[in-house]
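Working notes for the structure below.
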Amino acid sequence: MKYDFNTVETKWQKKWEEAKVFNATEDHSKPKFYALVEFPYPSGAGMHVGHIKAYSGLEVVSRKRRMQGYNVLFPIGFDAFGLPTENYAIKTNTHPRIVTDKNIANFTKQLKRVGFSFDWSRVIDTTEEGYYKWTQWIFRKMFDNGLVFRAKTLVNYCPNCKVVLSNEDSQGGKCDVCHSDIIQKSKDVWYLRITEYADKLLDGLNKVDYLPNIKLQQQNWIGRSEGAFVNFKLTGCEDELRIYTTRCDTMFGATFMVIAPEHPIIEKNRNIIKNIDELDRYKEECQKKTEFERTQLTKDKTGVRIDGINAVNPANGKEIPIYISDYVMMGYGTGAIMAVPAHDERDYEFAKKFGIDIIEVIKGGNIDEGAYTGDGEMINSDFLNGIKTKKEAIDRMLKYLAEKGIGEKGIQYKMKDWAFNRQRYWGEPIPIIHCPNCGMVGVPYEELPLKLPELKNFEPGEGGESPLAKIDSFVNCKCPKCGHDAKRETDTMPQWAGSSWYFLRYCDPHNDKEFASKESLKYWLPVDWYNGGMEHVTRHMIYSRFWHHFLYDIGEVPVDEPYAKRTAQGLILGPDGDKMSKSKGNVVDPLDVVKEYGADVLRIYVLFMGDYASATPWNESSVRGCKRFLDRIASLPDIAHGNGSTPELESSFHKTIKKVSSDIEDTKYNTAIAALMTLLNEITDKGSLTVDELKIFIKLLCPFAPHICEEIWESLGEKNFVSLASWPEYDEEKTKDNEIEIAVQVNGKLKSTIMVSVEASAADALELAKKDEKVIASIEGKHIVKEIYIPGRIVNIVVK
RNA sequence: GCUCUCGUGGUGGAAUUGGCAGACACGAUGGAUUUAGGAUCCAUUGCGAAAGCGUGCAGGUUCAAGUCCUGUCGAGAGCACCA
């Protein structure tokens, strides 16, 4: 059978759509399987091969589950708010709505042409009013529950995009969208209190099945640390200085203190501090440095001693100096530290540079060379002397601090509250009204969605205010509480808002009374398997887990953790081994591949090319290899006769069913396909197979290359879709061989192989091995020290 | 700098988790077919003439190490002075 893939593939795509083969049903009596892939941002460039790989994994799993009788929800949608569309709209003077619709139409066409088995009746678009109504609704619930607050603070600001960015969006001091240097700017910012959920997000990781590196990244991001808060008395002023430390055991070694340049204690004591001008100048210098510069200069410590105020070490009563330095951040802990140069590398560098005393309090290092951060016996520490472990010393010190009433245990997180507003047009308007009498008031629930007003000019203002601020009819309103003239908030939500709950909407996407019905949520949640990119592990996933935990706490969803399992696909690199990019000219367009080789080949190739989780370069020749494989499949019906099979081939079928079934579950799609290739080679060598065997082969291949499988299935006289046929079962007994070849080693070196029965005893196997000529040659005249037989594996004879 | 992951043929990658290293595929070489090219089919393909040697390098544990341990070099990812 030679076939024209273009005709055949579009034929089956049409039939699937007409018969609604892949629509999830609301038959809640069936076992469910909810497979989720990260919905795409509909960029103007269209689909990328990376999308194909990202979706093909769970595509295979979903198709297998349907064949196993599950009610499968495998949805798709579009995460369409965001800067690229808005920037394009500004540049071309087209409304972002029009741009978005066009891009979504293009993506839809492309996705359908690859034959993904998405449930197209549940498509969502985060920019639709019927969708963002509920994004705003959830925000309002958070507002009602005290999880939203506004503060004027120094924030990460991108001067190019003219927006405030969250910490997550400004990693490395660069804007996540345009890669410009971030500056620190004082602005009014809306925050979501994600830190309140830090422990829940951390604990939740214990009950989910995420890849280990994904869990680790989330743990590091949340960055919980246990330590102590301690109050240091000051000389020269009335205040106390509160610090956070994880090493209160080293307090006898604290020979100075450091506070952040912005620490409020400086402002408060301007009149007392003798060198205030010098401190002001230093502070100004620090603010001029971008975050990037600050991190580049980690080696070179700078700072200024505060003249006029000293601190008292509460452990030993000694007076110690206080410095300001930018290696202490206002945003973590209390913005002040006790510095223990003998046992902290940063404090050590600082002390060396400023000539401060270094007192060793833990044995084990050499303080002439550097700080010692390991464990050891406590010395020079009064009541701690002689204690051998860090834990014991910390406990003892905490007890001391409690007795004196100057300190207590404390917990800190690296994660900060989520800066949630953007000064942009193409996002969900924040449903808040500023009233001169009532302060911040939520837009009433019945008025949601708060619609994005029509606008001609989408450019943000020079002062960094939202384009919405220019529309008086939008801004001016009445306070819902007191009726007084009031003003609307004009900032919009960040790109991450819509994607924080989209998997809930898929459960019941057309509901206009609730974001999803309780019954549908109860049935479909949690997501059984979520696959996506590593780049979303610390942002999208943390954000959406936070929203979900919140919804769970207010009784809106039935489970606390939204994703039972999470995997991640590796990148597809360009043929040159570099990351694909337009500037390098190494981008592969998936639709070109479909045109030349067909969708089945594209699908097989992205899964066969290598380990699913690893980055793998594109290889055009290897694509042709996959084409060859499918061409050989197409001619299989020519040799499928009704005649009996052989026991060997039958056994191979059972083994292959077992291997393909388990490999799909383990995301080892490459070896699953390799197993099918091996079986095909065996069939070709033999020259024939039965029609029943061919049907099994087609079913196994169907999740990977469904179009050609449907075509062959139909040619065999089947009336129904192979996509809905039953997944093949295997007989464990038939996967086992009666006789197997095992290796024979002498002193661990392979000498020969022998055929033994699986039931053979150690004595039988060894006897057989010792009859082998090559083995005899190796052991002749030598003394046998030890004989090992691992059933089914190996014989090893140790001789001297 | 810290944390994590990974180093296997000419290439992408396998290896039931300590048990015959190199499955499967690409590429290459030779042959068949063809006017020719392409496509297809057959054979060979880790290195070495061979005994042997081979999983970045150096040690170690073990009857047995790609797999475990120690050190070291290299690549990638994440974090970025987190007290």
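Taken in order, the first sequence gives residues 0 to 799; the numbers are from my numbering.
The beta-carbon is built from N, C-alpha and C at its ideal position, and this holds for glycine as well.
Run through DSSP, which three-state label would P428 get? strand
C-alpha gap between W726 and N719, whole angstroms: 14 Å
Grouping DSSP H, G and I as helix and E and B as strand, with all else coil, what is C476? strand
Answer with buried or exposed for I97, where buried requires no fewer than 16 other C-beta atoms within 10 angstroms of its C-beta. exposed
Determine the closest residue to F38 out of V794, R504 and E348, with distance taken between C-alpha atoms. R504
Following the continuous alpha helix (DSSP H) through P525, name the residue where it begins and the one where it ends. Run containing P525: none; DSSP gives neither H nor E here.
With distances taken between CB atoms, is the gap from R423 to T491 smaller than 7 Å? yes
Check each candidate in C478, R223 and T670 and name the one with the smallest Cα separation from P435. C478
Mapping DSSP to helix, strand and coil, what is H342? helix
Bridge partner(s) assigned by DSSP for P616: L572
So the beta strand (DSSP E) P320 belongs to, where does it begin and stop? E318 to I323
Close beta carbons around I193, own chain, < 7 Å, minus the five adjacent residues each side: M414, D416, W417 and F545
In its own chain, which residues sit with a C-beta less than 6 Å from the C-beta of K132, not counting the 5 before and 5 after it? L447 and P448
For T489, which of helix, strand or coil comes out of DSSP? coil
Rounded straight-line distance, which links the Cα of L648 to that of I783: 41 Å
DSSP state of F32 mapped onto helix, strand, coil: strand
Determine the DSSP secondary structure at V745, reduced to helix, strand or coil. strand
Taking the straight line between their C-alpha atoms, what separation do you get for I89 and T134? 25 Å
What is the rounded straight-line gap between the Cα of M0 and the Cα of A633? For M0, the predicted model reports a pLDDT of 48, less than 50, meaning its position is unreliable; a value from the coordinates is still stated below. Those two C-alpha atoms are separated by around 5 Å.
So R602 is in the beta strand (DSSP E); what residue range does that whole segment cover? Unbroken run through R602 is the alpha helix (DSSP H), A598 to F607; no beta strand (DSSP E).
Assign K450 to buried or exposed, taking buried as 16 or more other Cβ atoms, counted over all protein chains shown, within 10 Å of its Cβ. exposed
Please state the DSSP three-state secondary structure of W15. helix
Range covered by the alpha helix (DSSP H) that runs through D100: P95 to V113
Can you have a look at Q819 and say buried or exposed, based on whether 16 or more other CB atoms are within 10 angstroms of its CB? Any question about residue 819 goes unanswered here, given that the chain covers just 0 to 799.
Quick one: is N309 buried, meaning 16 or more other Cβ sit within 10 Å of its Cβ, or exposed? buried
Secondary structure at H539, three-state DSSP: helix, strand or coil? helix
Name the DSSP bridge partner or partners of S185? L153
Could you please give the first and the last residue of the uninterrupted beta strand (DSSP E) stretch that includes Q411? G406 to Y412
With respect to the alpha helix (DSSP H) encompassing R395, which residues constitute its N-terminal and C-terminal limits? K389 to K403
Given a threshold of 16 other Cβ atoms within 10 Å of its Cβ, counted over all protein chains shown, does L601 qualify as buried or as exposed? buried
Paired residues, beta bridge with I793 - DSSP: A742 and I789
With a 10 Å radius around its C-beta and 16 neighbouring C-beta atoms as the bar for buried, classify S120 as buried or exposed. exposed
Helix or strand or just coil, what does DSSP make of S42? coil
Is it buried or exposed, D507, if we count other Cβ atoms within 10 angstroms and call 16 or more buried? buried
Considering only DSSP beta bridges, list what H640 is partnered with. T689
For K199, which option in D559, R487, D78 and I258 has the closest C-alpha, if you only look at C-alpha atoms? D559
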